[in-house]
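These protein sequence lines map, in sequence, to chains A and B.
The opening residue of the first sequence carries number 666 in the numbering used here; numbering runs sequentially from there.
The opening residue of the second sequence carries number 777 in the numbering used here; numbering runs sequentially from there.
Idealized CB from N, CA, C, for every residue including glycine.
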Amino acid sequence: MKEYKINNEQEPKVPSSETIANYKNFRQLSHEYDRLTKKPKVPLYKDKKAFLVLLLIVLMAFVLAQIADEEEEQDKDVNETTTTINQGSE
Amino acid sequence: MSINSEIAKEDQELVLLVQKDRNAFGILYEKYFERIYLFIYKRVQDEAIAGDICQEAMLKAMFNIQKYENRGAPFSAWLYRIASNEVNLYFRKSKKNITVEIQEKDVQVIMEEISLQGIEDPNAQLKLVQALNKLTAEQTEMIDLRFFMGHSFKEIAEFYAISEANAKMRLYRILDRIKKGWDTK
């Protein structure tokens, strides 16, 4: 929030050209621009850390898929056994 | 050809150059940094903060220069608008109150402009300052440009990319609101 206040005592200060020059830095600006725009030089799959993370994700997905398959097969077996028992009792 | 149109032409050529090679932005940066810095400084009145905002505004200009289109207004007006938006953002984001000092004579000019009584009366001046403090960031931007930074209506019109008549209308609408609030109290 901005608030105005009357100043009767002194004339407003204006920074000198030397002071302003201290804040002028095109190299820093250019560097910041590059940092924000340029894509990472190393592709994701060639980056060691990123590769390990990707590998971990793929492994987790594989394990989860295996568990889901096993559970499905177990359910099938239970259903088949129940049907056989029911047919036998009839 | 007048000096202004020569500067405008030179700027347009530079913009075209930057649009092809972004490293050329350094020329525009060198040319306008000081002016943009002072513009920001007058509004925030803090050297370091003005420096940070100026770098941020220049970065935004560098990002958006590809989209810049010449619509008749000087290129500098486009830069000033980016800088002013950054200043407004800074005021809005700031959690604490930022005090901006203004001169008594500038307050008196506003009072005279809207025919208020007691131009010399400190209490009346304080009342006007309180009324100004209730305005939005966009409304105070207009007041800053005209009364505290001394820009002409032509410059304000270029800044907002509107006509001079429209700039006058916008300013007097804000002043009218202050006057109405003054009369009802």
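A:Q739 in three-state terms, based on DSSP: The three-state reading of DSSP puts A:Q739 in helix, counting H, G and I together.
Per DSSP, cross-strand counterpart(s) of A:T747: Beta-bridge pairing links A:T747 to no other residue.
Buried/exposed call for A:F716, threshold 16 Cβ in 10 Å: Flag for A:F716 reads exposed.
Cα-Cα separation between A:P680 and B:N864, rounded to whole angstroms: Separation of A:P680 and B:N864 (C-alpha to C-alpha, rounded to the nearest whole angstrom) is 21 Å.
Reference A:R692; option with closest CA among B:I886, B:R868, B:M834: From the listed residues B:I886, B:R868, B:M834, the smallest Cα separation to A:R692 is found for B:M834.
Neighbourhood of B:Q981 by C-beta, 8 Å cutoff - its chain only, sequence neighbours within 5 removed: Because chain B here runs from 777 to 961, residue 981 of chain B falls outside it and cannot be looked at.
Where the beta strand (DSSP E) through A:Y669 begins and ends: 667 to 672 is the span of the beta strand (DSSP E), which, as asked, contains A:Y669.
At least three beta-carbon pairs within less than 8 Å, the stretch 905 to 920 of chain B to the stretch 830 to 846 of chain B: No, the stretch 905 to 920 of chain B is not in contact with the stretch 830 to 846 of chain B.
Short CB-CB distance (under 8 Å) between A:K704 and chain B: Not one chain B Cβ lies under 8 Å of A:K704.
Minimum C-alpha distance to B:L790 - residue among B:I812, B:E845, B:D882: For B:L790, the closest alpha carbon among the candidates B:I812, B:E845, B:D882 is that of B:E845.
Stretch-stretch touch, CB-based, cutoff 8 Å, three pairs: the stretch 818 to 833 of chain B with the stretch 851 to 867 of chain B: A contact exists between the stretch 818 to 833 of chain B and the stretch 851 to 867 of chain B.
Bridge partner(s) assigned by DSSP for B:T875: In DSSP, B:T875 forms a bridge with A:E668.
Touching by the beta-carbon criterion (3+ pairs, under 8 Å), the stretch 666 to 686 of chain A and the stretch 802 to 814 of chain B: Three or more pairs of CB atoms, one per stretch, sit closer than 8 Å, so the stretch 666 to 686 of chain A contacts the stretch 802 to 814 of chain B.
Alpha carbon of B:E940 to alpha carbon of B:F923, nearest angstrom: Take the alpha-carbon of B:E940 and the one of B:F923: they are about 16 Å apart.
Three-way DSSP call (helix, strand, coil) for B:N846 in this model: Coil at B:N846, not helix or strand.
Residues that A:E697 contacts on chain B, provided the C-beta gap is smaller than 7 Å: Close partners of A:E697 in chain B (Cβ separation under 7 Å): L835.
Any chain B beta carbon closer than 8 Å to A:K682: Going by the sequence as given, residue 682 of chain A is Ser instead of Lys. Chain B, which has a Cβ nearer than 8 Å to the Cβ of A:S682, makes this yes.
Selection from B:W854, B:K881, B:I895 that minimises the alpha carbon distance to B:L804: The option with the nearest alpha carbon to B:L804 is B:W854.
Pick from B:E934, B:F801, B:E806 that is closest to A:F698, judged by C-alpha positions: Phe is not the amino acid found at residue 698 of chain A; the sequence shown has Tyr there. Residue B:F801 is the option with its Cα nearest to A:Y698.
Same chain, Cβ closer than 6 Å to B:I886, neighbours up to 5 away in sequence not counted: Within its own chain, the residues whose Cβ lies closer than 6 Å to the Cβ of B:I886, once the five positions on either side in sequence are excluded, are F923, listed in chain order.
Inter-stretch contact (C-beta, 8 Å, three-pair minimum) for the stretch 667 to 676 of chain A and the stretch 736 to 752 of chain A: Touching, no, given that fewer than three Cβ pairs across the two stretches are closer than 8 Å.
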